[in-house]
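So the sequence shown is numbered by the numbering used here: it starts at 306 and just counts up by one.
Every residue, glycine too, gets a C-beta built ideally from N, C-alpha and C.
Single-structure report; data block below.
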Amino acid sequence: MLKKKDKYIVAVVGATGAVGNEMVATLEERNFPVEKLRLFASERSEGKTLDFHGRPVSVEILTDKVFDGIDIALFSAGGDRSLEYAPAAAKAGCVVVDNSSAWRMDPDVPLVVPEVNAHDLAWYTKKGIIANPNCSTIQMVVVLKPIHDAAKIKRVVVTTFQSVSGTGKKAMDELLNQTKDMLNFKDIKPVVYPYQIAFNCLPHIDKFMDDGYTKEEIKMVKETRKIMGDDSIKVTATTVRVPVFRGHSESINIETEKKLSANEARAVLSTAPGVLVYDAPEKNIYPLPTIAANKDDVYVGRVREDDTIENGLNIWIAADNLRKGAALNAVQIAEELIKRV
Ligand code: A2P
């Protein structure tokens, strides 16, 4: 259980990865009260340092013995590491905020997007682990929540356009190298993805399940219900990887119980925390991954009524998957946590 302090000993597990790097930058940028920062990765990263508030911090090798004295650990080193090390960290009295999917659906682990369900942090002590949702789910629920409160959502149909940074650093390198190689008429060999990602779209994120959906699609369905605390919301998803480095976009069709006009939806969204209405199509103003990259808000635009159903809306959103979709949400969870101790 976390104790109130002026400053905390904070760890980032998987610090050398795409999300881990962003976690370190976000802790610095938001001036999180850090007494000491500890960074962990695999033996491959031994000897590396990362800068924090202008000082180099050495990367240490992760073992289950390292967590004594650490107050809060932000994990982003993959699901297997989370399964293996998060219980050891919690046992040592360290609160884990885990970015992997390993613990998200555990009934004793809160799954939190602070703008939506910060109240669920009240029971984090059951396991000492708090899960950070899937990147695409986070940006979607930040926008769904105010609409649900205003008009009660019955059904959501979402298609995602997800950047390669969601897969990690190796995937970002793969997109860069394939793009260069294709433009130089060289042969390419896909490694991270089953097909070339440069100049392509892959309707395949995470593993395929027996029913033909991918695990990523199932995550969006189940996590949305858990975060919103409402099992009646029907969600169906198609998740697509696109050759974008940073920023996920989503086309979302929403069916509500009560009628909400496009103007009413914009009004509701304009006062919602973490949301920026960016919707003036006559001036070519609509959300883009290049606009949402390196920003905190979820951008919402192309708000339209869907007249094929009684109460329907179509929207288009974009957000920085490494920030709100991962590192920022994790740091916001830690901020909420220290407010509550
Ligand atoms: P390392 O750089 O030493 O391999 P990404 O998702 O961007 O690929 O990053 C994954 C992160 O998880 C990296 O920081 C990586 O460290 C870390 N990681 C991967 N495997 C292990 C492991 N066995 N023990 C500790 N950290 C690991």
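Taking all protein chains shown into account, decide if residue i is buried (16 or more other Cβ within 10 angstroms of its Cβ) or exposed.
i: Leu565; result: buried
i: Lys629; result: buried
i: Leu379; result: buried
i: Asp561; result: Residue identity differs from the one stated: residue 561 is Thr in this sequence, not Asp. Flag for Thr561 reads buried.
i: Ser347; result: exposed
i: Ala264; result: Any answer about residue 264 is impossible in this case: the structure gives the chain only from 306 up to 646.
i: Leu355; result: buried
i: Leu388; result: exposed
i: Thr368; result: exposed
i: Gly260; result: There is no way to answer for residue 260, as the model of the chain reaches only from 306 to 646.
i: Ser363; result: exposed
Please find out if some non-hydrogen atom of the ligand A2P comes closer than 7 angstroms to the beta-carbon of residue i.
i: Leu367; result: yes
i: Ser468; result: no
i: Ala378; result: no
i: Ala350; result: The displayed chain sequence assigns Ser, not Ala, to residue 350. Within the cutoff, so yes.
i: Arg386; result: yes
i: Ser347; result: yes
i: Ala323; result: yes
i: Ala320; result: yes
i: Gly383; result: yes
i: Gly471; result: no
i: Lys370; result: no
i: Lys474; result: yes
Taking the alpha-carbon positions, what's the residue i to residue j distance?
i: Glu667; j: Ala542; result: The structure shown does not extend to residue 667, since the chain spans only 306 to 646, so no value can be given for it.
i: Tyr390; j: Lys563; result: 46 angstroms
i: Val496; j: Arg530; result: 34 angstroms
i: Ile366; j: Gly352; result: 10 angstroms
i: Ile502; j: Ile596; result: 22 angstroms
i: Ala624; j: Gly552; result: 5 angstroms
i: Lys309; j: Arg607; result: 44 angstroms
i: Leu307; j: Asn482; result: 44 angstroms
i: Glu334; j: Phe357; result: 10 angstroms
i: Leu480; j: Asp612; result: 39 angstroms
i: Arg609; j: Ile557; result: 11 angstroms
i: Leu618; j: Ile538; result: 15 angstroms
i: Ser441; j: Asn336; result: 26 angstroms
i: Ser258; j: Ile590; result: Any question about residue 258 goes unanswered here, given that the chain covers just 306 to 646.
i: Gly374; j: Val318; result: 15 angstroms
i: Thr331; j: Ala639; result: 12 angstroms
i: Gly325; j: Arg409; result: 19 angstroms
i: Val401; j: Met525; result: 22 angstroms
Check whether the Cβ of residue i sits closer than 7 angstroms to any heavy atom of the ligand NAP, and report yes or no.
i: Glu641; result: This structure lacks the ligand NAP; the ligands present are the ligand A2P.
Across the segment 306-321 and the segment 339-346, are there enough close Cβ pairs to call them in contact, namely three or more that are closer than 8 angstroms? yes
I'd like the ranges of any alpha helix (DSSP H) spanning at least 4 consecutive residues and lying wholly in the segment 559-637. 567-575, 594-597
Do three or more CB pairs link the segment 595-603 to the segment 577-587 at distances below 8 angstroms? yes
How do the segment 552-570 and the segment 479-499 stand: do at least 3 beta-carbon pairs fall below 8 angstroms, yes or no? no
Kindly confirm or deny that the segment 507-519 and the segment 394-404 touch, where touching means at least three C-beta pairs closer than 8 angstroms. no
Does the structure place the segment 448-458 close enough to the segment 426-436 that three or more beta carbon pairs sit under 8 angstroms? no
Indicate whether the contact test is met: 3 or more Cβ pairs, each with one atom in the segment 628-646 and one in the segment 424-432, closer than 8 angstroms. yes
The segment 544-560 in contact with the segment 466-473 per 3-pair CB rule at 8 angstroms: yes
Scan the segment 451-484 and note each continuous beta strand (DSSP E) run of 3 residues or more that stays entirely inside, going in chain order. 458-467
Of all the beta strand (DSSP E) runs that stay within the bounds of the segment 373-397, which reach a length of 3 or more residues? 377-380
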